[in-house]
Amino acid sequence: MPILVGAAGLGVALAMLSLTAVVQPGAAGAAPGAGVQTARATSAPAARAPSRPAVVERVVIGQSRRGRDLIAYRLGDPEASRSAVVVAAMHGDERKPALILRTLRDGRPIEGLDLWVVPNANPDGVARKARRNARGVDLNRNYPRRWKRSKRGSTWSGPSAGSEPETKAMMRFLRRVDPDQVVSFHQPLNGIDTSGTGNRPLARRLAKQLALPRREFSCGSGCHGTLSQWFNHRLDGQLVTVELGRRPSRAYLTKKAPHGLLKALGGRRV
């Protein structure tokens, strides 16, 4: 599925998307935990930064409930026919997969693929080493597809569908980029989730290249309001959830997995 705007246009659009207004803590009318009132465009110049030659653009796609930036890095070729988004750390206590994304971001340039990576989709949760965001919401139960109200706890779905700023930011970003492929990394169930995606080519390629079994996972709390449910219903691409094991090795996270992920998505190192 081609991106709906040209490379330059997408950068401008995402820069406009990152013009964010939030309220200064302590200011009159400020909500608890709100961030700093600012308007800023953070799309980086198209020239590659010498320290990160793979990075074409850096875009702030939104802020967390505590005002921390959600950052997307564009890697590879903006004119490539294939596009992909890879997301990690939606649950803040599932941090190992983010090393795969950082390895891609900090490594050699990529070709054959227009790739965006979001290494930290829940910065407040990561800062606290906690599954949920600062409000106590499980972001992977907060999307407006099959959402249902649940009791407060480790999988609380929030007060309403799409209530969280992190959820809103991710939906805006994915609608804007409109990728062919999305990979959402989690832990620790060790496999490629085949719930609704078992026969899709991307799931098969990921299983082969990441050396993970294809399995159908059942959510203990019930699978409702997940990113995969929302994306696969609302957009034309395909999203596959990848669950790493509890303790993947550093060699796997920095060598085998980045190489295998790129190959599964159709990209390669220069």
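According to mature numbering (1 follows the signal peptide of the UniProt record, and there is no 0), the stretch in the sequence shown is residues -21 to -1, 1 to 249, in order.
Beta carbons are placed, not taken as given, at the ideal position from N, Cα and C, and that holds for glycine.
Point to revise | Range covered by the beta strand (DSSP E) that runs through Ala67 | key: For the purposes of this step, residue 67 is identified with residue 88 of the sequence shown, where counting begins at 1. For Ala67, no beta strand (DSSP E) run applies, since DSSP gives it neither H nor E.
Check your understanding: For Gln188 versus Gly115, is the C-beta distance shorter than 8 Å?
Key -> One-based indexing of the sequence shown puts residue 188 at position 209. One-based indexing of the sequence shown puts residue 115 at position 136. For Gln188 and Gly115, no; Cβs fall outside 8 Å.
Practice item. Entirely within the stretch 78 to 136 and at least 3 residues each: give me those beta strand (DSSP E) ranges in chain order. Key: Within the stretch 78 to 136, complete beta strand (DSSP E) segments of at least 3 residues are found at 93 to 97, given in chain order.
Point to revise | Stretch-stretch touch, CB-based, cutoff 8 Å, three pairs: the stretch 230 to 246 with the stretch 89 to 102 | key: In short, these stretches touch, since the Cβ pair count reaches three.
Exercise for review: Take Gly137 and list the residues in its own chain whose beta-carbon comes closer than 7 Å to its own, dropping the five residues that flank it on each side.
Suggested key: Counting from one through the sequence shown, the residue named residue 137 turns up at place 158. Taken in chain order, the residues that qualify are Val116, Asn121 and Glu143.
Check your understanding: Who are the near neighbours of Leu78 in its chain, counting only those whose CB is closer than 7 Å to its CB and skipping five residues on each side?
Key -> As a working note, residue 78 is residue 99 in the sequence shown. Excluding sequence positions up to five before and after Leu78, its CB lies within less than 7 Å of the CB of Leu232 and Thr233, all in the same chain and listed in chain order.
Check your understanding: Which whole-angstrom value is the C-beta distance of Arg110 and Asp72, which I expect to be below 8 Å?
Key -> The sequence position of residue 110 within the sequence shown is 131, counting from 1. The sequence position of residue 72 within the sequence shown is 93, counting from 1. Confirmed, Cβ separation roughly 5 Å.
Review point. Is it true that the CB of Ala148 sits closer than 8 Å to the CB of Gly41?
Key: As a working mapping, residue 41 is identified with position 62 in the sequence shown. As a working mapping, residue 148 is identified with position 169 in the sequence shown. The answer is yes: Cβ separation under 8 Å.
Review point. Going straight from the alpha carbon of Gln217 to that of Thr134, what length do you get?
Key: Position 238 of the sequence shown, counted from the start, is the residue given in the question as residue 217. Position 155 of the sequence shown, counted from the start, is the residue given in the question as residue 134. Between Gln217 and Thr134, the C-alpha separation is close to 24 Å.
Check your understanding: If you run the structure through DSSP and keep just helix, strand and coil, what is Pro152?
Key -> Looking up residue 152 in the sequence shown gives position 173. Correcting the residue identity first, residue 152 is Phe in this sequence and not Pro. Helix.
Exercise for review: Under the assumption that Arg125 contacts Gln208 (Cβ atoms under 8 Å), give the Cβ distance between them as a whole number of angstroms.
Suggested key: Locating residue 125 in the sequence shown gives position 146, where the first residue counts as 1. Locating residue 208 in the sequence shown gives position 229, where the first residue counts as 1. For a cut-off of 8 Å, the C-beta gap from Arg125 to Gln208 is around 5 Å, short enough to register as a contact.
Practice item. Determine the contact status of Leu191 and Val221, defining contact as a CB-CB distance below 8 Å. Key: Position 212 of the sequence shown, counted from the start, is the residue given in the question as residue 191. Position 242 of the sequence shown, counted from the start, is the residue given in the question as residue 221. For Leu191 and Val221, yes; Cβs fall inside 8 Å.
Review point. Between the beta-carbon of Arg53 and the beta-carbon of Val35, is there less than 8 Å?
Key: Start at 1 with the first residue of the sequence shown, and residue 53 comes out as number 74. Start at 1 with the first residue of the sequence shown, and residue 35 comes out as number 56. One thing to note: Arg53 has its Cβ within 8 Å of the Cβ of Val35.
Exercise for review: Give me the Cα-Cα distance between Pro170 and Leu223, rounded to the nearest whole angstrom.
Suggested key: Taking the sequence shown and counting its residues from 1, one reaches residue 170 at position 191. Taking the sequence shown and counting its residues from 1, one reaches residue 223 at position 244. Checking the sequence, you will find Gly at residue 170 rather than Pro. Rounded to whole angstroms, the separation of the alpha carbons of Leu223 and Gly170 is 6 Å.
Review point. How should Pro180 be labelled, buried or exposed, when 16 other C-beta atoms within 10 angstroms of its C-beta is the threshold for buried?
Key: Here residue 180 refers to the residue found at position 201 when the sequence shown is read from its first residue. With fewer than 16 Cβ atoms within 10 Å of its Cβ, Pro180 is classed as exposed.
Point to revise | Inter-residue Cα distance where the pair is Arg155 and Leu49 | key: Locating residue 155 in the sequence shown gives position 176, where the first residue counts as 1. Locating residue 49 in the sequence shown gives position 70, where the first residue counts as 1. For Arg155 and Leu49, the distance between alpha carbons rounds to 15 Å.
Exercise for review: Assign Ser228 to one of two classes, buried (16 or more other C-beta atoms within 10 Å of its C-beta) or exposed (fewer than that).
Suggested key: The residue given as residue 228 occupies position 249 in the sequence shown. Under this definition Ser228 is an exposed residue.
**Study point:** Helix, strand or coil at Ser62 according to DSSP, with G and I counted as helix
**Key:** In the sequence shown, the residue the question calls residue 62 occupies position 83. Looking at Ser62 - three-state DSSP - the assignment turns out to be strand.
Review point. Can you round the beta-carbon distance between Ala63 and Asp215 to whole angstroms, since I take them to be within the 8 Å contact cut?
Key: Against the sequence shown, residue 63 aligns to sequence position 84. Against the sequence shown, residue 215 aligns to sequence position 236. Between Ala63 and Asp215 the beta-carbon gap is near 14 Å, outside 8 Å, which marks them as no contact.
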